[in-house]
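Reviewing the structure listed below.
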Amino acid sequence: MEDIEHIPKELKLIDENGVRLDGRRFDELRPIRIEAGVLGRADGSAYVEWGGNKVLAAVYGPREAHPRHLQDPARALVQCRYNMAPFSVSDRKRPGPDRRSVEISKVISEAFSSVIFKEQFPRTSVDIFIEVLQADAGTRCAGLTAAAVAIADAGVPMKDLVTSCASGKIGGVVCLDLNKDEDNFGEADCPMAIVPRTGEIVLLQMDGHLTYDEFQKAMGLSIDAAKRIYDLQRDALRRRYSTTVDEILREAAAAPAPSPAPAEVAFDSQLDDLGREGSP
Amino acid sequence: MEGKGPVRQIVIPGESVGGPGVKPGPGTFGEGGKVYSAHLGVLAEKDGRVSVIPLSGRYIPEPGDAVVGEVVDVGPSHWLVDINSPYPAPLHATESPWHVEFGDTTRFLNVGDAILAHVLSVDEAKKVQLTMQDREARRIEGGQLVEVSPTKVPRIIGKEGSMLDLLKEETECRIYVGQNGRIWLDGADRDTAIAVRAIRLIEEQAQAHGLTEAVREFLEDAYRGREGRGPA
Amino acid sequence: MSVEIVSDLMRDYIYRLASGGQRTDGRALDEPRKLVIEKGLITTAEGSARVHLGKTEVLVGVKMATGEPYPDTPNTGVLSTSVELIPMASPTFEAGPPRPDAIELARVVDRGIRESKMVNVGRLCITPKEKVWVMFIDIHVLDYDGNLFDAASYGAVAALASTVVPAKAQGVGEDFPLPVEHWPVSVTVAKIKDLLLVDPSLDEERMARARLTATTDENGDIRAMQKGLSGSFSYDEVKRVIETSQKVGRGIRPLLQS
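Chains as they are written, first to last, in the numbering used here: chain S, 21 to 300; chain U, 1449 to 1680; chain X, 46 to 303.
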């Protein structure tokens, strides 16, 4: 939250009818679009557009952890680096991490540390990179949401995805998903991240002023919205691979001459070969 | 989707894949009496055991795996081999096909060499040892290397090796598929180019039905001089 | 590839193919990869462009600010170029302050733009000797699959071409498009043994002994050059690279201008 000395008097963040500056109501999310598998070199990646946010996440790993003295002989390290591109904000940000980025990197690392099956990969590191290309408040939530998809895309085993969302207070009203102006001129912001299946909260921060009652309202809004965001994450992952199935079926349908032989069940042969008990 | 057999269900980490009575297989985990997927993958069920076959992910070495490796470092009594997994794999001089004197390792293998080898052992701390003491093992020369996601390897090999046999017959290339997703091909340039395109086709559409036929058609078209129906 | 060294086997294969005039992706030796440019996608920047050169992906943002001019050019705008090789773009990129290769990249891209007089910096003076427009070009490499010199340059040129000077917000008049008058095009050639390959892919770049980037303008005149890596070029080869850059540059220029 910035220290605002002069809040423009004309700037009503939410009017008497409960309509915000961008037309949303108190419990409405900004438009969100998620795409998985957008980069070539990284093991996994995802891109999220969330309101005016444009965030890219990528994962390398598990890979050998460097430097060696940081390796954990019993489990993988989970290391996240959150960074904002210089052109992502109105006033150009100098390249390189600042204290805010370092803090956000830490809390996101810890969020994923609780869901990744770390014990399967001793002495390695799962490296998560979040790059904010265009910022409009809620970048850590967008980044975390993208990173969860990227980790799954990379094939790193997890107990569940992690979904993230923020709520706050503007003009005295508790609202979901604040945009930049609302975050700048509002009274509170509370980002959180949740493990959808279990309801465990793995990231929680708050700044500003909320009564205990208002806090519970805010959390309620976020937890509810997280369900919708999780659906988008899941769809992005499914879409990544299902299009190829559609394509081959479309091609088969469009082809002249004899139709292809019935399903070759190659994966069953893989099951035959599986003597592996590599599962957690 | 048009009925061409059962739809391959794609599941994501944390998704429920079975209730009580279902046994958790590879790629899944049990919690509170239920079974959940640990991966982004394809659901498979056999004899009451449910597994999830990952659609992506690093190569995790298993004893006995055939691998294509690249030497990245040399010591006096061992070489260090990259096998595209989280862990670099040492190959001890005593596990090589040669008689290697201490300090004489570079005479046999050097940084930049590519080899066919097998995984000898993987310990509890996931430390890997390689061996070249088998009939197929050798330092490879000529040909080219192609990398695919390790999760696609079973598809490229096919049921009882049928897909790989198809590729080898039609292209007349030598093709050695490492479990680690690295493939060595050797043959006439035109043939290996067609083989590589066929492999890319399999890689992109691994979980689709009717893939073997699609690959067969692609190979026929390619050799007839027409563009195959698969992606270029 | 997950290994950072190219195996001898692949070196032989790449060279053998190239000796026959072909490359692993089917290109001819003097053929660049497919170039896709998207402009204006970052609204927090005054200008922006996303470039795909083959699978190499670069995002460039141009931010305009006002500031003091350099003492030796008191009435012209200021150009400042920086490159970030962010870790997600390659397993070989580490987080941290810019390493020499990032700095070299930024300076070479900057040189091509500056020396070609692409932007009419004389028109970017607000108050002589006191206040001028400053262009910050930030090149963000997102996916590294070879030839960052060209991808970064195309991104910077395209981003500048899409830039609108935010005069209104600074209270110094109406917004106006950045005055672009020339079009530098960078073309990079890698030398593998005795062969010259245009727009090297990742493996080609990793096995190259020497590299030469030549930036030419719309008249075919040379505006910037940079030889890299530890090998060498014969004088004849240098001339061939320049001629190639002129030719290939002509084909690429329209994509930057559109």
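Note that beta-carbon positions come from the ideal geometry of N, C-alpha and C, so glycine has one too.
> Buried or exposed: Asp244/S, going by 16 or more other Cβ atoms within 10 Å of its Cβ?
Replying inline: The sequence position of residue 244/S within the first sequence is 224, counting from 1. With fewer than 16 Cβ atoms within 10 Å of its Cβ, Asp244/S is classed as exposed.
>> Could you check whether the stretch 64–71 of chain X touches the stretch 155–169 of chain X, counting it as contact only if at least three pairs of C-beta atoms, one from each stretch, sit closer than 8 Å?
In response: no
> Taking a cut of 8 Å between CB atoms, which residues from the stretch 1496–1529 of chain U lie near chain S?
Replying inline: Ser1499, Ile1501, Pro1502, Leu1503, Ser1504, Gly1505, Arg1506, Ile1508, Glu1510
> Is there at least one Cβ from chain X nearer than 8 Å to Ser110/S's Cβ?
Replying inline: Position 90 of the first sequence holds residue 110/S. Chain X contact via Cβ: present.
> Where does Ala281/S land, buried or exposed, given buried means 16+ other C-beta within 10 angstroms?
Replying inline: Numbered from 1 along the first sequence, position 261 holds the residue referred to as residue 281/S. Because the pLDDT at Ala281/S is just 31, under 50, the model does not fix this residue reliably, and the value given afterwards should be weighed accordingly. That one is exposed.
> Do we get a CB-CB distance below 8 Å when we pair Met270/X with the residues of chain S?
Replying inline: Reading the third sequence from its first residue, position 225 is the one you call residue 270/X. Chain S contact via Cβ: absent.
> What residue ranges within the stretch 88–119 of chain X form continuous alpha helix (DSSP H) runs of no fewer than 4 residues, ordered along the chain?
Replying inline: none
> Which residue's Cα is closest to the Cα of Tyr67/S: Ala256/S, Phe132/S, Arg44/S?
Replying inline: Residue 67/S sits at position 47 when you count from the first residue of the first sequence. Residue Ala256/S is the option with its Cα nearest to Tyr67/S.
>> Which residue wins for smallest C-alpha separation from Pro142/S, given the options Arg120/S, Glu84/S, Asp156/S?
In response: Numbered from its first residue, the first sequence carries residue 142/S at position 122. Comparing Cα-Cα distances from Pro142/S to each of Arg120/S, Glu84/S, Asp156/S, the minimum goes to Glu84/S.
>> Mapping the DSSP letters down to three states, classify Asp75/X as helix, strand or coil.
In response: Translated into the one-based positions of the third sequence, residue 75/X becomes position 30. If DSSP states are grouped into helix, strand and coil, Asp75/X belongs with coil.
> So who's on the other strand from Pro1538/U, going by DSSP bridges?
Replying inline: Here residue 1538/U refers to the residue found at position 90 of the second sequence. Looking at the DSSP assignment, Pro1538/U forms a beta bridge with Leu1528/U.
> How many angstroms separate the CA atom of Lys237/S from the CA atom of Ala186/S?
Replying inline: Locating residue 237/S in the first sequence gives position 217, where the first residue counts as 1. Locating residue 186/S in the first sequence gives position 166, where the first residue counts as 1. So the alpha carbons of these two residues sit roughly 12 Å apart.
> In whole angstroms, what is the alpha-carbon distance linking Thr1542/U and Tyr1535/U?
Replying inline: Counting from one through the second sequence, the residue named residue 1542/U turns up at place 94. Counting from one through the second sequence, the residue named residue 1535/U turns up at place 87. C-alpha separation (whole angstroms): 20 Å.
> What is the DSSP secondary structure of Val243/X, reduced to helix, strand or coil?
Replying inline: On the third sequence, position 198 is the one that residue 243/X refers to. In the three-state reduction of the DSSP assignment, Val243/X falls in the strand class.
> Quick one: any contact between the stretch 143–158 of chain S and the stretch 95–111 of chain S, if contact means 3 or more CB pairs under 8 Å?
Replying inline: yes
> Would you say Leu198/S faces chain U, with C-beta separation under 8 Å as the test?
Replying inline: Looking up residue 198/S in the first sequence gives position 178. So no, Leu198/S is outside the interface.
> Are Val98/S and Val146/S touching if we call contact CB-CB under 8 Å?
Replying inline: Position 78 of the first sequence holds residue 98/S. Position 126 of the first sequence holds residue 146/S. Taking 8 Å as the Cβ cut-off, Val98/S and Val146/S qualify as a contacting pair.
> Cβ of Glu49/X less than 8 Å from any chain S Cβ?
Replying inline: On the third sequence, position 4 is the one that residue 49/X refers to. For Glu49/X, the answer is no, since every Cβ of chain S falls outside 8 Å of its Cβ.
> Is the CB of Ala1537/U under 8 Å away from at least one CB in chain S?
Replying inline: The sequence position of residue 1537/U within the second sequence is 89, counting from 1. It does not: the Cβ of Ala1537/U has no partner Cβ on chain S nearer than 8 Å.
> Going by the CB atoms, is the gap between Val177/X and Gly112/X shorter than 8 Å?
Replying inline: To locate residue 112/X, count along the third sequence from 1; it is residue 67. To locate residue 177/X, count along the third sequence from 1; it is residue 132. In contact: Gly112/X and Val177/X (Cβ atoms closer than 8 Å).
>> Could you compute how far the alpha carbon of Leu223/S sits from the alpha carbon of Ile190/S?
In response: Taking the first residue of the first sequence as 1, we reach residue 223/S at position 203. Taking the first residue of the first sequence as 1, we reach residue 190/S at position 170. In a straight line, the C-alpha of Leu223/S is about 22 Å away from that of Ile190/S.
>> In this structure, how does DSSP classify Phe194/X when only helix, strand and coil are distinguished?
In response: Within the third sequence, numbered from 1, the residue matching residue 194/X stands at position 149. It is helical.
> Closer than 8 Å, CB to CB, is His1540/U near chain S or not?
Replying inline: Residue mapping note: residue 1540/U aligns to position 92 of the second sequence, counting from 1. It does not: the Cβ of His1540/U has no partner Cβ on chain S nearer than 8 Å.
> Whole beta strand (DSSP E) runs in the stretch 172–252 of chain S with 3 or more residues, listed along the chain?
Replying inline: 183–190, 193–196, 208–215, 220–224
>> What does the Cβ neighbour count give for Glu102/X, buried or exposed, with the cut at 16 atoms within 10 Å?
In response: Indexing the third sequence from 1 puts residue 102/X at position 57. Looking at its Cβ environment, which holds 16 or more other Cβ atoms inside 10 Å, Glu102/X is buried.
> Span of the beta strand (DSSP E) holding Val1596/U?
Replying inline: Here residue 1596/U refers to the residue found at position 148 when the second sequence is read from its first residue. For Val1596/U, there is no enclosing beta strand (DSSP E), since its DSSP letter is neither H nor E.
> In or out: Tyr261/S buried (at least 16 other Cβ within 10 Å) or exposed?
Replying inline: For this step, residue 261/S is matched to residue 241 along the first sequence. It counts as buried.
>> Can you check whether the C-beta of Pro93/S is within less than 8 Å of a C-beta belonging to chain X?
In response: In the first sequence, counting from the first residue as 1, residue 93/S sits at position 73. False, the Cβ-Cβ gap to chain X never drops below 8 Å.
> Relative to the alpha-carbon of Ile1605/U, which residue among Gly1590/U, Gly1591/U, Ile1623/U has its alpha-carbon at the smallest distance?
Replying inline: For this step, residue 1605/U is matched to residue 157 along the second sequence. Distance from the Cα of Ile1605/U is smallest, within the candidate group Gly1590/U, Gly1591/U, Ile1623/U, for Ile1623/U.
>> What does the alpha-carbon distance come out to for the pair Asp220/X and Ala1641/U?
In response: Counting from one through the third sequence, the residue named residue 220/X turns up at place 175. Counting from one through the second sequence, the residue named residue 1641/U turns up at place 193. For Asp220/X and Ala1641/U, the distance between alpha carbons rounds to 54 Å.
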